[in-house]
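First to last, the sequence lines map onto chains A and B. In this text, residue positions in the first sequence follow the working numbering: the first is 24, and each later residue adds one. In this text, residue positions in the second sequence follow the working numbering: the first is 1149, and each later residue adds one.
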Amino acid sequence: GAVVSQHPSWVICKSGTSVKIECRSLDFQATTMFWYRQFPKQSLMLMATSNEGSKATYEQGVEKDKFLINHASLTLSTLTVTSAHPEDSSFYICSAPTGTSRETQYFGPGTRLLVL
Amino acid sequence: GDSVTQMEGPVTLSEEAFLTINCTYTATGYPSLFWYVQYPGEGLQLLLKATKADDKGSNKGFEATYRKETTSFHLEKGSVQVSDSAVYFCALNNNAGNMLTFGGGTRLMVKP
Chain A
24 GAVVSQHPSW VICKSGTSVK IECRSLDFQA TTMFWYRQFP KQSLMLMATS
74 NEGSKATYEQ GVEKDKFLIN HASLTLSTLT VTSAHPEDSS FYICSAPTGT
124 SRETQYFGPG TRLLVL
Chain B
1149 GDSVTQMEGP VTLSEEAFLT INCTYTATGY PSLFWYVQYP GEGLQLLLKA
1199 TKADDKGSNK GFEATYRKET TSFHLEKGSV QVSDSAVYFC ALNNNAGNML
1249 TFGGGTRLMV KP
């Protein structure tokens, strides 16, 4: 299957700092990528849809100024958590659709963020 | 809107037991259905999928059949192993911008 990578896999930061998470499609081009967050023992919550060359589409309740998304190329999307606070600590996962009908999504391994 | 409902876990089984994880969905049209698996500390991996009614997806001994009449996509495996311990997510794609709608996940624990 297609491969999606994320970097970093783990990040610990102080409250008030900003953290950038990268999501890359390694062997295919992705005009669209999705960003999710997952709290312990819970399902994935879609945060936003990242679109190459245009603004991201955010889900209701997700602060666009807090979670900045930049889809810089056909293989890279970044999520920046600005002025992180402990409540932003979570597992962040990206995915990208691929295939003939683009219905199948491949997920990155996730980035665990801990804000102290 | 679309929704996916899974049986709540955790499901605890002994090795070589038969596994069923129920999944039902609500959606307009003809969605594609998926099972994803998440091992501890990792992202999601596609386990299997089915794109139309009566299709059977299968992989690594797991299988699920798309039942439109009962709007279900139950996951089954005849003989589970300890290495199958993970969280399993049922999901659908109704082509709404290729977004996936996830169920709540079911944690499976297999004991030796």
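Each residue gets a CB set at the ideal place from its N, CA and C atoms; glycine is no exception. Quick caveat: nothing in here was measured; it's all calculated off a predicted structure.
> If the cut is a Cβ gap below 7 Å, which residues of chain A does N1241 of chain B touch?
Replying inline: Correct list: E126.
> With a Cβ-Cβ cutoff of 8 Å, do P1158 of chain B and M1257 of chain B count as a contact?
Replying inline: In this structure, M1257 of chain B lies closer than 8 Å to P1158 of chain B by Cβ.
>> Quick check on this structure: which residue in A:P132, A:E126, A:S32 has the alpha carbon closest to the alpha carbon of K1200 of chain B?
In response: Looking at the Cα atoms, A:E126 is the closest of the given residues.
> On the premise that T1168 of chain B lies in contact with S1220 of chain B, defined as a C-beta separation below 8 Å, what is that separation, rounded to the nearest angstrom?
Replying inline: Rounded, the Cβ-Cβ distance is 11 Å, inconsistent with contact.
> Which one or two residues does DSSP pair with K1259 of chain B in a beta bridge?
Replying inline: The bridge partners DSSP lists for K1259 of chain B are B:S1162.
> Which residues bound the beta strand (DSSP E) around A1201 of chain B?
Replying inline: Premise fails: A1201 of chain B is in no beta strand (DSSP E) and is neither H nor E.
> Nearest to A1198 of chain B by CA position, among B:E1211, B:P1260, B:E1217, is which residue?
Replying inline: If we check each option's Cα against that of A1198 of chain B, B:E1211 comes out closest.
>> Could you check whether S38 of chain A and L139 of chain A sit closer than 8 Å to each other, using their CB atoms as the reference points?
In response: Yes, Cβ-Cβ distance for L139 of chain A and S38 of chain A is below 8 Å.
>> Which of the three DSSP states is assigned to V1228 of chain B in this structure?
In response: The DSSP-derived three-state label of V1228 of chain B is coil.
>> In the DSSP assignment, the beta strand (DSSP E) including F57 of chain A goes from what residue to what residue?
In response: From DSSP, the beta strand (DSSP E) with F57 of chain A extends over 55–61.
> Buried or exposed: which applies to N1241 of chain B, given that a residue is buried once 16 or more other Cβ atoms fall within 10 Å of its Cβ?
Replying inline: It counts as buried.
> What does M1247 of chain B reach in chain C if we use C-beta pairs closer than 8 Å?
Replying inline: No chain C appears in this structure, whose protein chains are A and B.
> Got a sec? Which residues, its chain only, sit under 6 Å from Q1154 of chain B by beta carbon, not counting five neighbours each side?
Replying inline: The answer, listed in chain order, is C1171, C1238, G1251, G1252, T1254.
> How close, in whole Å, do the beta carbons of S1186 of chain B and V1230 of chain B come, if the pair is a contact with beta carbons under 8 Å?
Replying inline: Note on identity: in this sequence residue 1186 of chain B is Gln, with Ser being the wrong assignment. Not a contact, Cβ separation roughly 16 Å.
> So, are the CB atoms of S100 of chain A and S73 of chain A less than 8 Å apart?
Replying inline: Yes, the pair counts as a contact, with Cβ atoms nearer than the cut-off.
> Counting along the chain, where does the beta strand (DSSP E) carrying V42 of chain A start and finish?
Replying inline: 42–48 is the span of the beta strand (DSSP E), which, as asked, contains V42 of chain A.
> Touch check for the region 24–33 of chain A and the region 71–87 of chain A: three-plus C-beta pairs under 8 Å?
Replying inline: As far as the Cβ criterion goes, the region 24–33 of chain A does not touch the region 71–87 of chain A, which means the pair count is below three.
> Using the beta-carbon of each residue, which ones in chain A are nearer than 9 Å to K1197 of chain B?
Replying inline: Simply E126, T127.
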